[in-house]
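Going line by line, the protein sequences match chains A and B.
Residue numbers for the first sequence, in this note's numbering: 125 to 465.
Residue numbers for the second sequence, in this note's numbering: 380 to 661.
Every residue, glycine too, gets a C-beta built ideally from N, C-alpha and C.
Working notes, structure below.
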Amino acid sequence: MSVIAVEGLSKTFRTRVRGEGLGSSLRALVRPEYRAVPAVRDVSFSVEEGEVVAFLGPNGAGKSTTIKMLTGILTPSSGRARVLGLDPCKDRTRLAMGIGTVFGQKSQLWFHLPPSDSFRLLGAIYEVPPADLARRRADLVERFGIGAYMDVPVRKLSLGERIRCEIAASLLHAPRVLFLDEPTIGLDVVVKREIRALLGELRSRDGVTIFLTSHDIGDIEKICKRAIIIHHGAVVVDESMKTLKHRALARKYIGVKYARPVNLDLPGLPPVKKTEDAGSFVVDTRKHNLQDVIRALVNLGEVLDLTVEDEPLEDIIAEVFGGRTEAEARRAARAGGGLES
Amino acid sequence: MSRRPDPADGGTPGSPGTLASALRKYATAALVSLRSRLAYPTAFAGSLLTFGLFVFVFSRIWSAVYSTQAEISGYDRAGMIWYFIVAEISIFGFSRFYSSLSEDLKGGQVAYLLARPYGFTAYHFSQAMGPALGDSLVLAGEGVLLGLLLGGPFPVTSALQGAALVLSLLLAACLQFFLQFAIAMTAFWIEENAAIFWIYQKLALILGTFLPLEFLPPGAAAAARWTPFPYLSWAPARMAVAWNFGDGLKILAAQAAWAAAAALLCRAVFAAGRGKITANGG
Chain A
125 MSVIAVEGLS KTFRTRVRGE GLGSSLRALV RPEYRAVPAV RDVSFSVEEG
175 EVVAFLGPNG AGKSTTIKML TGILTPSSGR ARVLGLDPCK DRTRLAMGIG
225 TVFGQKSQLW FHLPPSDSFR LLGAIYEVPP ADLARRRADL VERFGIGAYM
275 DVPVRKLSLG ERIRCEIAAS LLHAPRVLFL DEPTIGLDVV VKREIRALLG
325 ELRSRDGVTI FLTSHDIGDI EKICKRAIII HHGAVVVDES MKTLKHRALA
375 RKYIGVKYAR PVNLDLPGLP PVKKTEDAGS FVVDTRKHNL QDVIRALVNL
425 GEVLDLTVED EPLEDIIAEV FGGRTEAEAR RAARAGGGLE S
Chain B
380 MSRRPDPADG GTPGSPGTLA SALRKYATAA LVSLRSRLAY PTAFAGSLLT
430 FGLFVFVFSR IWSAVYSTQA EISGYDRAGM IWYFIVAEIS IFGFSRFYSS
480 LSEDLKGGQV AYLLARPYGF TAYHFSQAMG PALGDSLVLA GEGVLLGLLL
530 GGPFPVTSAL QGAALVLSLL LAACLQFFLQ FAIAMTAFWI EENAAIFWIY
580 QKLALILGTF LPLEFLPPGA AAAARWTPFP YLSWAPARMA VAWNFGDGLK
630 ILAAQAAWAA AAALLCRAVF AAGRGKITAN GG
């Protein structure tokens, strides 16, 4: 069953144009000029119950705008969105009862009060009966390991402690869909790992559908089963992480070090980096036979070390993000890191 | 019981529930907000000091004015000092709604607050009232002390008058909130609305705070009564120093009518502006 269904969703902001100089300011008083800025263009996708979807894109791609339309915060300019069977814009209050939101850069906890106060308030806001709230709170406190912070003012918590409290707070009303916008931003590797484990558990134990935006490839690789990449306001990739990773397999990174200086020029395969006795190659296995390349490298001289690695997922995504237009981004996505672009 | 969504239920989420759960929601918002205000008790010191200074300075001014006459437009010296104290409790206690709402709106926080199952205006109302009532209670304590020291005997002499005064202060608080909310929400159309609030503040001070309406020329006083401004401070101050049942009832009715009209206005302004929310970032 689709818990999120989006068809042809678009959002165009109307921004006031402010020219340079006093004359322009005076003209703007009489005749203000506006420019239409399309933030999201004709986006369509659906998310099934229990899926964990990474919603990716470079800064300004339209990720947050899409999430805000899906949570009823922004009104779409055109298109249709249904979340848990509801129109987010028309049924905002009703929908809010069934979804949780965490915006990594906007806290929902009261800054000067301990999290326990915010939990009490959120319990009341979501109309969780007091007995259920106590039970649910105890469970989340234990799972998120936040017992020690519950009576410490939020301003005195570290970022990692706060984010753990934020996510736990967003789950108090047992939402079926959790929207996470950059939940691990600014966290150290240990806390990130903990948060990822908790999110993974949420999906497997509670069946919560997770819709996650992040710039952290680790988040995406570790938690998500599917990636939707949005760029210039349009969806350029929508496929399983398995497929996305499979593209990475098409390109291998080879590093080789020799005992003595060698001539590293292989026909049709120039090294991307070389010194007298070492070099690195990027091999597109759709063009070159990997075994032949390795054999050729071994035949060049006495090998001290040789490594073969998959292309990092980050590089593929960076290639897509780097597209200056939607078409370029799509091409980069299709080509698997831009090999055929 | 409220109709909460069951996580195991595959259907659509339920609507927010009963009146009892709504009351619990808004009461908790008010209490948590008050608790946040109380997190720094020293934060009260600034308003206590300013309020005390204002009352002291104006008590000296009024003492000088009344040194040559016993009564002006029905107010004696003690009555005038008590009038000023009550009017200032209302103005000091309930004047901060605009700034926090305006910050929320300009900082984009409003957009995030929308993703919650509550009435936006009602939630802000309760969240603002918690600390405002706390503030005004503290100011009232100081005001009574200063009034006894600088003015004269406590002017409230019956339970009915006391109840009318409290009710009038509460209605003034509601009216202040709704008008300031409406002004803050104009930021949906005009990015900088501080000038509107500045004019609002000045009209509130002139029309009933610094001077009772009775001190104004008759035409100006009559015209002022057709605006909401006298009902922000003049109305409660009048309850304290010139109470009579008939007039009190009329003033309370007018205050209630203005508060209701302002509530409708702020709902309309928010409904009209809501579609203009642009939340950038990410």
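- The shortest CA-to-CA distance from Phe-179 of chain A to any of A:Asp-340, A:Cys-289 and A:Val-427 is the one to A:Asp-340.
- Here Asp-263 of chain A is exposed: its Cβ has fewer than 16 other Cβ atoms, across all protein chains shown, within 10 Å.
- Between the alpha carbons of Leu-592 of chain B and Leu-586 of chain B lies a distance of about 6 Å.
- In this structure, the straight-line span from the alpha carbon of Gln-488 of chain B to that of Lys-230 of chain A is close to 8 Å.
- In the same chain as Cys-553 of chain B, and ignoring 5 residues on each side of it, the C-beta atoms closer than 7 Å to its own belong to Ala-638, in chain order.
- For Glu-175 of chain A, no Cβ of chain B is located within less than 8 Å of the residue's own Cβ.
- When only Cα atoms are considered, Leu-527 of chain B and Phe-533 of chain B end up about 7 Å apart.
- Ala-401 of chain B has no beta-bridge partner at all, per DSSP.
- In terms of Cβ geometry, Leu-302 of chain A and Val-332 of chain A form a close pair [threshold 8 Å].
- Collapsing the DSSP output to three states places His-355 of chain A in a strand.
- Straight through space, the alpha carbons of Pro-162 of chain A and Trp-605 of chain B are spaced by roughly 47 Å.
- Against chain A, the beta carbon of Gly-654 of chain B has neighbours under 7 Å at Thr-199, listed in chain order.
- Residues of the stretch 223 to 243 of chain A whose Cβ lies closer than 9 Å to any Cβ of chain B, in chain order: Ile-223, Thr-225, Phe-227, Gln-229, Lys-230, Gln-232, Trp-234, Phe-235, His-236, Leu-237, Asp-241 and Ser-242.
- Counting every other CB atom within 10 Å of its CB across the protein chains shown gives Leu-150 of chain A a total below 16, marking it as exposed.
- If you look at Ile-451 of chain B, you'll find it isn't in any alpha helix (DSSP H); DSSP assigns it neither H nor E.
- Residues of the stretch 400 to 421 of chain A with a C-beta less than 7 Å from any C-beta of chain B: none at all.
- Taking a contact as a CB-CB distance under 8 Å, the pair Leu-368 of chain A and Ile-291 of chain A does not count as one, their CB atoms being some 25 Å apart.
- Per DSSP, Phe-560 of chain B is one residue of the alpha helix (DSSP H) stretching across 538 to 564.
- When C-beta atoms of the stretch 127 to 144 of chain A are compared with those of the stretch 318 to 330 of chain A, fewer than three pairs fall below 8 Å, so the two segments do not count as touching.
- Scanning the stretch 197 to 232 of chain A from its first residue to its last, the whole beta strand (DSSP E) runs of 3-plus residues come out as 202 to 207 and 223 to 227.
- A straight line joining the alpha-carbon of Leu-428 of chain B with that of Tyr-462 of chain B spans about 19 Å.
- Between Phe-430 of chain B and Phe-556 of chain B, the C-beta spacing is not below 8 Å.
- According to the DSSP assignment, Pro-615 of chain B belongs to the alpha helix (DSSP H) that extends over 609 to 620.
- Beta-carbon to beta-carbon, Ile-470 of chain B and Leu-628 of chain B are separated by about 24 Å, too far to satisfy the 8 Å threshold.
- In the DSSP assignment, Ile-630 of chain B falls within the alpha helix (DSSP H) that extends over 624 to 653.
- Contact between the stretch 238 to 247 of chain A and the stretch 218 to 228 of chain A is not established, with fewer than three Cβ pairs separated by less than 8 Å.
- Bounds of the beta strand (DSSP E) holding Ser-126 of chain A are 126 to 141.
- Tyr-377 of chain A carries a strand assignment under DSSP once its states are collapsed to helix, strand and coil.
- Under the Cβ criterion of 8 Å, Leu-245 of chain A is counted among the residues facing chain B.
- Cα atoms of Ala-494 of chain B and Leu-233 of chain A: separation of roughly 14 Å, rounded to the nearest angstrom.
- For the 8 Å CB-CB criterion, Tyr-405 of chain B and Phe-227 of chain A do not form a contact.
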